[in-house]
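This report refers to the structure that appears directly beneath it.
Chains as they are written, first to last, in my numbering: chain A, 1 to 297; chain B, 1001 to 1460.
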């Protein structure tokens, strides 16, 4: 659970497609001013969850409230506060980029023309090209522009950077950090490129088979799982190390590298001292944490 | 599992393929039917046509396979389409050749030769069918196909072939066998695989989404400065209309939605499409005008109304605009009314033209009948049913085709049973009630789709 004033509330949401249970009893609250990383393997239910928030899907059971309104009954007033980059990459193919931007901007009185110009220049988008001529990366850049151009309060990004090159990805992450400067903004980002996501997110939701395995702040997740390197000061490590149920342990005669859960740094240092070792404690990268969380279940 | 075995899965895995099987299987009883009445006198053409259509079917299937880059890169895969084509063709034509078992007076060993000869001749037509999609010979080949049909009707060349098979089976086998060897070499060329590898191709069994992409790519290739200017003007027109309404209001979204739907149509517009549509409509008006004593031509009211099935009334669902489900419902309803109006104007115009043709065309054994304006209510009755199907199954081409076939059959059967126009049976009030009921049905379907159904992805 996230504390604060929630803009999205999901209560016991279940959704099935035939025999596939895409979402299974999801309870979730999303409050303002966060960048939330939604992680999970293909088919985990990430896109389905995001589509419930904007009412593209309706739950079989439970309810989803977005901006205080039932997601299935969202009106232009609420939808005008939500930006969405979707996985399908569907755009109006026959238009030029310039026409498409003008068309979408015509819906919003909050359209930020300065941001549009800056984005087009920074991301090197050719506005004269027809959308159907664009490469997948260019399409994704245009889709992102259309989603952020009207300064939405809630920005939902479903695999937004998968087709971007490394430089564009880096620019995109910087852009997200700029957007979140406004405390009123919330970003939900679903991505498989965890090394990118971890640079910007402050909250993590990990999903598997339609269920939420973890819903916690990224900091607490990083504190929960630690990588510990023990080096013996007198040549040999004892046969039994004083850590209960380490997640993994690789050791030689004088050094051991362990992954542990729910240990405070001070405890680890004390235990290392007991066995006459130096200790190096590092947080795990998000990718490692993700693998552990998924495998623990 | 061998590569060929994997490839053979194309015969049952795509759902669209089953529809192809059904069509080919339907041809078999049609071909067998005359045998019970005409003592094998004529219409061997029908067997050749089954071979031909099987070839088109298989050629399309293999074209789809060859467009996938793996089929070019995977070791040993480039030869597989050739094997696939020959295996299917061999089996199908051998079975079709067995029709000579029914030919009277052929002794046992001799009949085997005729079966083989029949099979080999069938293979030539089958390969010809394969070539149309696989070598991209569409225009030329369909022209030759038409000549073959006309040649069979007027000069009975199929009868000549049939006599040749029965009288000289061994020379027929040898000659056809040589042609088959040539095709074997042709389908095994690397250039064939190279030509298709990685290309955007629309096959008969692909989704409508891919069809849209394919049409867009074709339109892009034919983009001229004049067209680009036209799109710009279209864009300005709709944007001006949108800007007349307040932000986040219904009016702005309704115009925006009209632009999305009609813009997509115009965006993939090509002169060949327009000419083909004009040619098809002209053919239908002329052809049905000569069928029966005026009953045939009035089927056009049904056919023109069913034309709206090709439309997707709720496109671009995954793009998020500030419009909720209620706005989508309202704007689609407006769109349906506009489409009905435009299609209605077209129908009335064609009715006028056909009435004019009735007075102008001279009688030459057959007489032309114009459409009866008094039956226009049929159009109003059918169009909400077609719109309901278009909304409920926007991207399912197979369901739409089945719907058209079943609906047309039902309509014709009910017309035969009733023996008089619907208006005479249930009266004007009944007709008005029925039309209202159909429109209420459309509203219910539209409301369900917009308000209750998943708008994107799997649940759509």
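Just so it is clear, CB atoms sit at the ideal spot from N, CA and C, and this is done for glycine as well. The model shown is predicted, which means the values in this text are computed figures rather than measured ones.
- Annotated as proximal: residue 147 (chain A) and residue 155 (chain A), with beta-carbon spacing under 8 Å.
- Note on geometry: alpha-carbon atoms of residue 1311 (chain B) and residue 1229 (chain B) lie some 25 Å from one another.
- In the three-state reduction of the DSSP assignment, residue 32 (chain A) falls in the coil class.
- Not flagged as an interface residue toward chain A: residue 1271 (chain B), since no C-beta distance is shorter than 8 Å.
- Counting C-beta pairs closer than 8 Å gives three or more between the region 176–190 of chain A and the region 46–55 of chain A, which meets the contact rule.
- DSSP, read as helix, strand or coil, puts residue 1215 (chain B) in helix.
- Looking at the DSSP output, residue 40 (chain A) shares a beta bridge with A:207.
- Neighbourhood of residue 102 (chain A) in chain B, by CB distance below 7 Å: 1239, in chain order.
- When secondary structure is reduced to three states using DSSP, residue 1259 (chain B) falls in the helix class.
- Residue 1180 (chain B) and residue 1120 (chain B) have their C-alpha atoms some 8 Å from each other.
- In this structure, residue 1313 (chain B) sits near residue 1336 (chain B), with a CB-CB distance shorter than 8 Å.
- When rounded, the separation of the alpha-carbon atoms in residue 265 (chain A) and residue 281 (chain A) is 7 Å.
- Going by C-alpha positions, residue 1457 (chain B) is about 14 Å away from residue 1450 (chain B).
- Below the 7 Å Cβ cutoff, chain B contributes no neighbours of residue 162 (chain A), its closest Cβ being approximately 16 Å away.
- Within the region 129–213 of chain A, the complete alpha helix (DSSP H) segments of 4 residues or longer fall at 136–148, 166–179 and 194–197, listed in chain order.
- Residue pairing by DSSP places residue 61 (chain A) opposite A:14 in a beta bridge.
- Residue range 113–122 is occupied by the alpha helix (DSSP H) that includes residue 120 (chain A).
- At least one CB of chain B lies nearer than 8 Å to the CB of residue 82 (chain A).
- With contact defined as three or more Cβ pairs closer than 8 Å, the region 1250–1267 of chain B and the region 1312–1326 of chain B are in contact.
- Around the beta carbon of residue 166 (chain A), fewer than 16 other beta carbons lie within 10 angstroms, which makes this residue exposed.
- Burial state of residue 71 (chain A) is buried, judged by a 10 Å Cβ sphere holding 16 or more other Cβ atoms.
- Of all residues in the region 1314–1348 of chain B, the ones placed with a Cβ closer than 8 Å to any Cβ belonging to chain A are 1316, 1317, 1318, 1319, 1320, 1321, 1322, 1323, 1324, 1325, 1326 and 1327, in chain order.
- Contact of residue 263 (chain A) with chain B is not assigned, every C-beta pair being separated by 8 Å or more.
- The criterion of a C-beta distance shorter than 8 Å is not satisfied by residue 209 (chain A) and residue 243 (chain A).
- Assignment of alpha helix (DSSP H) within the region 1276–1320 of chain B, counting only whole runs of 4 or more residues, yields 1299–1306 in chain order.
- Judged by DSSP in its simplified three-state form, residue 250 (chain A) adopts strand.
- Of A:220, A:294, A:249 and A:256, the smallest CA-CA separation from residue 283 (chain A) is found for A:220.
- Taking all protein chains shown into account, residue 124 (chain A) has fewer than 16 neighbouring C-beta atoms within 10 Å of its C-beta and is therefore exposed.
- Contact between residue 108 (chain A) and residue 1247 (chain B) is confirmed by a C-beta separation of about 7 Å, below the 8 Å threshold.
- Of the residues B:1149, B:1105, B:1047 and B:1193, the one whose Cα lies closest to the Cα of residue 1066 (chain B) is B:1193.
- Taking a Cβ-Cβ cut-off of 7 Å, the neighbours of residue 1243 (chain B) in chain A comprise 106, given in sequence order.
- Per DSSP, residue 1099 (chain B) lies in no alpha helix (DSSP H) and is assigned neither H nor E.
- Within the model, the alpha-carbon separation for residue 246 (chain A) versus residue 118 (chain A) is close to 49 Å.
- At a cut-off of 8 Å between beta-carbon atoms, residue 1264 (chain B) makes contact with chain A.
- Taken through DSSP and simplified to helix, strand or coil, residue 1179 (chain B) comes out as helix.
- At a beta-carbon threshold of 8 Å, none of the residues of chain A lie near residue 1424 (chain B); the nearest stands roughly 46 Å away.
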